[in-house]
Amino acid sequence: IHCPCGPVAAFVPWDGQRSRNPVRFHSVPAFAAAADLTVDVPGYGKVVLDIGYGGAFYAFLSAEKLGLDVCSSSVRDLVDGATAVTEAVKKQFKPHHPDSEDLAFIYGTILTDGKDAFSDEPTTNICVFGDAQVDRSPTGSGVTARIALQYHKGLIKLDQTRTFRSSTTGSLFTGKAVEEAKCGDYNAVIVEVSGEAFYTGTAIYTAEEEDPLKYGFLIK
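Just so we're aligned, residue 1 is where the sequence shown starts under UniProt numbering, counting upward by one.
This is the structure we're talking about:
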């Protein structure tokens, strides 16, 4: 699948008639862009966080650092806190992507339960991205970046599988670093993310020969 971050290999089990769960994908090279970065967040003070890339750049920190609980605080409070972090990071940290500067921006903030050390128990997070939208899932690129940060910090080894839970819906992804890689000068990992996927619909698109915009258009 060609995503904005680059080609992503997807794997779908097939029984001869239909696909089966779980499905999984192998990420683009994921890396830690900054670890233990101190950022001054208006309304919350100075907080220490990490910046990880897993197809998009996210700020990561425990919700506890904002006086919140990712499992019990209201979604409104979590969204407000995460949005404040995102805006502060955008002003105080400029990410760099070795292959494409079009990708070099902070996409959102992921608040966690702080359980980054390897465990068989699920760790919970909420991803607030874009224009303060909340992901229904643990977030594929977010899980990828979080695994890359944990690997960078020596908290997880290759092929150790962790389970990630969405605080909003309870949906689960698993993730593991499957191989080391490089992305420019960054030490990176390829991450395998797995989860349930279900058919939600089909679509047919038609391009008529007379359509002057049938190949699309670009506005800059």
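Beta carbons are placed, not taken as given, at the ideal position from N, Cα and C, and that holds for glycine.
{"Asked": "Gln133 (DSSP reduced to helix, strand or coil)", "Found": "strand"}
{"Asked": "N-terminal and C-terminal residue of the alpha helix (DSSP H) that Asp36 is part of", "Found": "Note, Asp36: premise wrong, no alpha helix (DSSP H); beta strand (DSSP E) at Phe31 to Val41."}
{"Asked": "CA-to-CA distance, Asp211 to Ala35, given in whole angstroms", "Found": "50 angstroms"}
{"Asked": "Phe105 versus Glu64: straight-line alpha-carbon distance, rounded", "Found": "25 angstroms"}
{"Asked": "Counted within 10 angstroms of its Cβ, other Cβ atoms place Ala132 as buried (16 or more) or exposed", "Found": "exposed"}
{"Asked": "Whole-Å CB distance - Gly52 paired with Ala145, under 8 angstroms assumed", "Found": "3 angstroms"}
{"Asked": "Option nearest Lys90 by Cα separation, candidates Ser171, Leu149, Gly195 and Tyr107", "Found": "Tyr107"}
{"Asked": "Local conformation of Ala207 per DSSP, three classes", "Found": "coil"}
{"Asked": "Burial state of Ser141, where buried means 16 or more other Cβ atoms lie within 10 Å", "Found": "buried"}
{"Asked": "Sequence-distant residues of its chain with Cβ nearer than 6 angstroms to Cys183 (five each side left out)", "Found": "Pro29, Phe31 and Pro98"}
{"Asked": "Identified DSSP bridge partners for Ser194", "Found": "Arg24 and Thr174"}
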